[in-house]
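Participant: Numbering (the working numbering), first residue to last: 387 to 731.
1) Tell whether a beta-carbon distance below 8 Å holds between residue 699 and residue 677.
2) What residue ranges within the stretch 461–495 form continuous alpha helix (DSSP H) runs of no fewer than 4 residues, ordered along the chain?
3) According to DSSP, is residue 432 part of a helix, a strand, or is it coil?
4) Quick one: what does DSSP say residue 558 is sitting in, helix, strand or coil?
5) Are residue 405 and residue 619 closer than 8 Å when you measure CB to CB?
6) Counting only C-beta atoms, is residue 577 closer than 8 Å to chain B at any point?
7) Would you check if the distance between the CB atom of residue 452 and the CB atom of residue 484 is smaller than 8 Å?
8) Around the Cβ of residue 682, are there at least 16 other Cβ atoms within 10 angstroms (buried) or fewer (exposed)?
9) Express the C-alpha separation of residue 493 and residue 597 in angstroms, rounding to a whole number.
10) Tell me the residue span of the alpha helix (DSSP H) that contains residue 694.
11) Are residue 442 and residue 400 closer than 8 Å when you measure CB to CB?
12) For the alpha helix (DSSP H) containing residue 645, list its first residue and its last residue.
13) From residue 707 to residue 444, what distance separates their C-alpha atoms?
14) Within 10 Å of its beta-carbon, does residue 697 have 16 or more other beta-carbons around it, so buried, or fewer, so exposed?
As structure tokens, this is what we get:
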């Protein structure tokens, strides 16, 4: 028992220490980036095998889904609807440019086009690895390239967003913990939501985030009473997600890519830059702020971008909604396109 607890003490201890330093230094996304850096350091100087309990990870994603869903209001749907078509256009263009950059990358690196394309499209790591396996691409390189993209996006986008839009955080996240007289028994709803997410884990991608986010958003929009979660749970969830990401990213895997690493990093920077440009254009075509438009277009994860939106004063509900739309487009349509074009090569 003691041998199982000690690794957790080390992981959370180092993660909290680095997070505190990041908070004091005003580093963006400190509760996620802090644990990532902390786990990197821990793995570098410790030979122990660190594993985060699967249930802790899933509960943390669910809590974050609740956090994002609670920012939705009756006006959110009306705000998002007019932006759907222009957002869809920019998203498709960004995906096409990613595919083109993947073809270019594959040609320079002398690898299969399928590997280059799957490694370049801004989809989730686990999803793209699964697609790579099904299409018999080089899954090892695909995983490495998406690891490089993940690290780049996690560190670059929040920092750029913070430098460009340094505002006080939106009050919407905080409102969950104040002025609520909901019955205590409604806390059971969270358990039911988690159970539903568990049942749908094989049918809905990222169900532990999406199911709580959608159900809580519906509850908020129709005005049903529900007791808010304590704010420290949101910090714990972000801390645990950061630890999970830190454990998922292996620097030795990046080294395996060798000379491809810098080329792929350059292409990642290009895609991030294009997303910033598209975010600006998207904001100009709508009533959204540049910050909200940029984070909606950024090639990052739904959770990370929604939290960043909160930190810089953008709209987490709109960012979360539009990131969800893009994620669904990539998950549902991209495999079909890739299979049609490259599946028989």
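C-beta: ideal position from N, C-alpha, C; glycine also. Note that the structure is predicted; figures quoted are calculated from it, not measured.
Facilitator: With the structure as the only source:
1) Against the chain shown, residue 699 aligns to sequence position 313. Against the chain shown, residue 677 aligns to sequence position 291. Going by C-beta atoms, residue 699 is nearer than 8 Å to residue 677.
2) 470–495
3) Against the chain shown, residue 432 aligns to sequence position 46. Residue state, collapsed to three classes: coil.
4) In the chain shown, residue 558 corresponds to position 172, counting from 1. Only weak support exists for where residue 558 lies, its pLDDT of 45 falling under 50; the coordinates are left without a value.
5) On the chain shown, residue 405 is found 19 positions in, with the first residue counted as 1. On the chain shown, residue 619 is found 233 positions in, with the first residue counted as 1. It is not a contact, given that the beta carbons lie outside the stated cut-off.
6) Among the chains in the structure shown there is no chain B, since it carries only a single protein chain.
7) Taking the chain shown and counting its residues from 1, the one referred to as residue 452 is at position 66. Taking the chain shown and counting its residues from 1, the one referred to as residue 484 is at position 98. No. Outside cutoff.
8) Position 296 of the chain shown, counted from the first residue, corresponds to residue 682. By the 10 Å Cβ count, residue 682 comes out buried.
9) In the chain shown, the residue the question calls residue 597 occupies position 211. In the chain shown, the residue the question calls residue 493 occupies position 107. Whole-angstrom Cα-Cα distance: 40 Å.
10) For the purposes of this step, residue 694 is taken as residue 308 along the chain shown, with counting starting at 1. From DSSP, the alpha helix (DSSP H) with residue 694 extends over 688–698.
11) Reading the chain shown from its first residue, position 56 is the one you call residue 442. Reading the chain shown from its first residue, position 14 is the one you call residue 400. Contact flag unset, no.
12) Reading the chain shown from its first residue, position 259 is the one you call residue 645. Here residue 645 belongs to no alpha helix (DSSP H), and DSSP marks it neither H nor E.
13) Residue mapping note: residue 707 aligns to position 321 of the chain shown, counting from 1. Residue mapping note: residue 444 aligns to position 58 of the chain shown, counting from 1. Taking the straight line from one Cα to the other gives about 20 Å.
14) For the purposes of this step, residue 697 is identified with residue 311 of the chain shown, where counting begins at 1. Burial call: buried.
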